[in-house]
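Novice: Residue numbers (the working numbering): 1 to 127.
We put the beta carbon where it would ideally sit given N, CA and C, even for glycine.
Given the structure is predicted, the values throughout are model-derived calculations rather than measurements.
Below are the structure tokens for one structure; questions will follow.
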């Protein structure tokens, strides 16, 4: 499957899983072992608010390529359906765009770049 054959929403669907897996692996490698604590810590990386913040900082620092920015816009502007009650529309759309970048990178087999984005997110979080 090619990135240009997928909708922004489909890329975000995949990107959500990619990001969640990266976060879970990181927390386990860090030695966090209790289920409730793992869930609490993972939210700091996977919430729509966090993902939108990661994108904003990466965007402001020109950390993303032109291609990644284009994918972001596809994901952000796609029909997102229902917005969760705990976030506003703009934040949710920005997080969807961020997830779309991750989904595209996964489809292209760019694991190193996914790792770079995750490391940048860690830097942003102060981890």
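1. Confirm, please, whether the CB-CB distance from residue 9 to residue 78 is below 7 Å.
2. Which stretch, first to last residue, makes up the alpha helix (DSSP H) that contains residue 3?
3. Applying the 10 Å Cβ sphere with the 16-neighbour rule, what's the burial state of residue 68?
4. From this set, 126, 96, 120 and 107, which residue's C-alpha is nearest residue 49's C-alpha?
5. Quick one: which unbroken alpha helix (DSSP H) runs of 4-plus residues sit fully inside the stretch 42-81? Chain order, please.
6. Compare the C-alpha of residue 71 against each of 59, 21, 118 and 101 and name the closest.
7. Taking the straight line between their C-alpha atoms, what separation do you get for residue 55 and residue 90?
8. Please look up how many angstroms separate the CB atoms of residue 93 and residue 105, rounded, as I've assumed it's under 8 Å.
9. For residue 25 and residue 115, I'd like the C-alpha separation in whole angstroms.
10. In three-state terms, what does DSSP make of residue 25?
Specialist: In terms of the structure at hand:
1. Taking the chain shown and counting its residues from 1, one reaches residue 78 at position 78. Taking the chain shown and counting its residues from 1, one reaches residue 9 at position 9. Result yes, Cβ atoms of residue 78 and residue 9 sit closer than 7 Å.
2. To locate residue 3, count along the chain shown from 1; it is residue 3. Under the DSSP assignment, residue 3 falls outside any alpha helix (DSSP H); it carries neither an H nor an E label.
3. Counting from 1 along the chain shown, the entry for residue 68 is found at position 68. Of the other Cβ atoms in all chains shown, 16 or more fall within 10 Å of the Cβ of residue 68; this residue is therefore buried.
4. Taking the chain shown and counting its residues from 1, one reaches residue 49 at position 49. Ranked by how close their Cα comes to the Cα of residue 49, the residues 126, 96, 120 and 107 have 96 in first place.
5. The qualifying runs are 48-60 and 66-77.
6. Here residue 71 refers to the residue found at position 71 when the chain shown is read from its first residue. Selected option, being the one with the closest Cα: 101.
7. Translated into the one-based positions of the chain shown, residue 55 becomes position 55. Translated into the one-based positions of the chain shown, residue 90 becomes position 90. The alpha-carbon atoms of residue 55 and residue 90 are separated by roughly 12 Å.
8. For the purposes of this step, residue 93 is taken as the residue at position 93 of the chain shown. For the purposes of this step, residue 105 is taken as the residue at position 105 of the chain shown. Not really, about 19 Å apart at Cβ, beyond 8 Å.
9. As a position in the chain shown, residue 25 is number 25, starting the count at 1. As a position in the chain shown, residue 115 is number 115, starting the count at 1. When rounded, the distance between both Cα atoms is 12 Å.
10. On the chain shown, residue 25 is found 25 positions in, with the first residue counted as 1. Residue 25 falls in the helix class under three-state DSSP.
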